[in-house]
Amino acid sequence: MTNYDIIIIGAGPAGISAASVAAYAGLDVLLLDEQPDVGGKVYRNVKQNDSKQNWFWSNYSSGMHLVNAINCNKITKYFRATVWRVEKNKRVIWSHNGESKISTASNIVLATGAQERPFPFPGWTLPGVMTVGSAQILMKSSGIFPKEAVLVGSGPLLYLVATQMIDANCPPKALIETQTLRMMMNSLIHLPLALLNMKSLIKGFMFIHKIKSAGVPRYKSVSSLEARLNNKGLIEFLFSHKGIKKSLKTKLLLIHQGVIPSTEISRSVGIDHSWNTSQLSFQPIVDKWGKTNIDGIYIAGDCAGINGSASASLYGKLAAIKILYNTEKINFYVYKIQSLSIRINLFFINSIRLFLDTLYAVPEEVLFPSDDTTVCRCEEITVGQIKLGLNEGIRGVRQLKTSIRSGMGLCQGRMCDAIVRNIMLHNTSQEHTTILAPKTRSPIKPITLGEMSKIKKD
Amino acid sequence: MKPDSRFNTLVKSTKDVNFTLFGEVVTAPKGSTLAAAILSHSGDAFRQTETGALRSAFCMMGVCFECLVEVNGNPNTQSCMILVEDKMVVKRQVGLRQIGICEND
């Protein structure tokens, strides 16, 4: 068992910023991430891709100084290290190369980032249907680019990835957007505040302009989505556009509906969570430093609510500054001045969020998919089966799990929990705000019993 | 019919490894995740579920557990979370993992 000043879980923008601030002030840091290298999803492989950054736009290469900052001997770092248990007493158990280890610290910063919002419709489980985020990971980390892909859904990432594909000479075949005119109208009220983050707005317009000038067809306000796999391995994508049924054949259907915080660890430790009514997801309750209801556990970045990578990096710094002040590594004036300048930055960056949340709102069809849609991918349970169970008297998620097995597969509910809850709450006329966040329990990622039995006791 | 890869390989690597994919010896760039290596060779399913439904890699970040394959005899291996290695033997996983056939347990 090894003891550190801080254990940071997640080496994306929030985690690496927290790690570098803490380490340069002299604290011993353990940085753990389950991906093969530093950078999280947003700065994935930024070091290796430096020479071809023109595909990925300037924001990506700005991650360079961040990932370089963790090359400091005060930071012990492990990649492909999966944290499967975090305890209130700040003990972290993590698996690396098939062996589990226990580490302890005075403080923990959770910087676990976000995952894409599950986007269920009939056929979303087929080979040839992947997420837009997954395609971007493949572009960044493996240099493989989607072939004649059709992009479906909504959100800034849809446009960013489409632009990156155009720049790499693999333009999408079409963009099929669930955004409606009503969403655009609703977002206008938040536009004045969003103007404070002019840089992001301009970037967004540049993406859309690029997609238009590349001649990529765009269909808006689409509904009734369905994918089928034909015997040649092609995806046939059906959708309704302006009341007319359309179909497109494609090798690869890339779907996206925004991102939601990854809260498996924070929920398993017993941190309080609340429902975010504009982002439609649970998030941990934190103060302005990222401090939680558990002493010494901080949360930074998108796992505490979606604000994007620039913001995440600043939240990481704030948490580290608070810990440095508490451990008397920095004086009161440094603490106040540094945090104030970060907060001013955050105010400007985050001013765009409500605008984006309403502009790319989640459509009803995604929150309440049709009965023939598979909702629990692992256990192959459809929306219809969930509804049938509820009508037969099943009450609550726990009963749903034990009686029809939704959410009992290997992903531990990461892909279905939100939708299953929507259906359940709708059925009983409840609101998300009135219920507690779903429980998660360790091991929060599957490990073998063999490995668990070999953990050495102190 | 075996579907072609759904991806274009744009970045050629200088260092390659050889591994066996669904019974065929193929090459992949060193440092690539196994899932990426499979996707660049084949548009076919990675696995079959208990009911026989076809599934492939979906999220590429360790969340969805759809990219499970059998690697060197170990079933239920998330191919997006491991790097491809020389002489790796990768088999399609059919149905649920069977208890007692995992080498390292």
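So the protein lines, in turn, are chains A and B. One point on numbering: in our numbering, the residue at position 68 of the first sequence is 57, and numbering is uninterrupted. One point on numbering: in our numbering, the residue at position 42 of the second sequence is 155, and numbering is uninterrupted. We put the CB at the ideal spot given by N, CA and C, even for glycine.
Give the straight-line distance between the Cα atoms of residue i and residue j, rounded to the nearest whole angstrom.
| i | j | result |
| --- | --- | --- |
| Arg430(A) | His262(A) | 15 Å |
| Ser449(A) | Tyr49(A) | One cannot answer for residue 449(A) here, as it falls past the ends of chain A, which runs -10 to 447. |
| Glu317(A) | Ser328(A) | 15 Å |
| Ser236(A) | Glu137(A) | 15 Å |
| Asn219(A) | Lys240(A) | 10 Å |
| Asp199(B) | Ile260(A) | 43 Å |
| Cys172(B) | Phe178(B) | 8 Å |
| Phe321(A) | Lys66(A) | 30 Å |
| Ser330(A) | Val323(A) | 11 Å |
| Asp218(B) | Pro352(A) | Here Asp218(B) scores only 45 on pLDDT, less than 50, and its place in the model is too uncertain to base an answer on. |
| His421(A) | Leu414(A) | 7 Å |
| Leu185(A) | Gly132(A) | 35 Å |
| His245(A) | Met404(A) | 13 Å |
| Gln419(A) | Ala94(A) | 40 Å |
| Ser9(A) | Ile59(A) | 5 Å |
| Gly208(B) | Glu163(B) | 4 Å |
| Ala148(B) | Met194(B) | 8 Å |
| Ala163(A) | Lys201(A) | 11 Å |
What is the DSSP secondary structure of residue i, counted as helix, strand or coil?
| i | result |
| --- | --- |
| Lys428(A) | coil |
| Asn175(A) | helix |
| Asn78(A) | coil |
| Arg387(A) | helix |
| Val364(A) | strand |
| Gln168(A) | coil |
| Phe357(A) | coil |
| Asn34(A) | coil |
| Ala94(A) | strand |
| Asp(-6)(A) | strand |
| Pro250(A) | strand |
| Asn411(A) | helix |
| Ser270(A) | strand |
| Gly439(A) | helix |
| Ile295(A) | coil |
According to DSSP, which residues form a beta bridge with residue i?
| i | result |
| --- | --- |
| Lys66(A) | Leu20(A) |
| Asn187(B) | Val184(B) |
| Phe159(B) | Phe159(B) is not bridged to any residue. |
| Lys235(A) | Phe228(A) |
| Met119(A) | Leu243(A) |
| Asp129(B) | Pro142(B) |
| Arg217(A) | Glu225(A) |
| Trp264(A) | Phe271(A) |
Please tell me whether residue i has its Cβ less than 9 Å away from any Cβ of chain A.
| i | result |
| --- | --- |
| Thr122(B) | yes |
| Arg205(B) | no |
| Pro116(B) | yes |
| Gly156(B) | yes |
| Val138(B) | no |
| Val176(B) | yes |
| Asn131(B) | no |
| Asn185(B) | no |
| Phe171(B) | yes |
| Ser126(B) | yes |
| Ser192(B) | no |
Should residue i be labelled buried (16 or more other beta-carbon atoms within 10 Å of its own) or exposed?
| i | result |
| --- | --- |
| Gly385(A) | exposed |
| Thr(-9)(A) | exposed |
| Ile64(A) | buried |
| His54(A) | exposed |
| Lys129(A) | buried |
| Asp284(A) | exposed |
| Ser442(A) | exposed |
Is the Cβ of residue i closer than 9 Å to any Cβ of chain B?
| i | result |
| --- | --- |
| Arg217(A) | no |
| Glu353(A) | no |
| Gln24(A) | yes |
| Arg332(A) | no |
| Val118(A) | yes |
| Glu225(A) | no |
| Thr371(A) | no |
| Arg171(A) | no |
| Met397(A) | no |
May I ask whether a heavy atom of the ligand COA can be found less than 8 Å away from the beta carbon of residue i?
| i | result |
| --- | --- |
| Val138(B) | Absence of the ligand COA is noted for the structure shown, with no ligands found whatsoever. |
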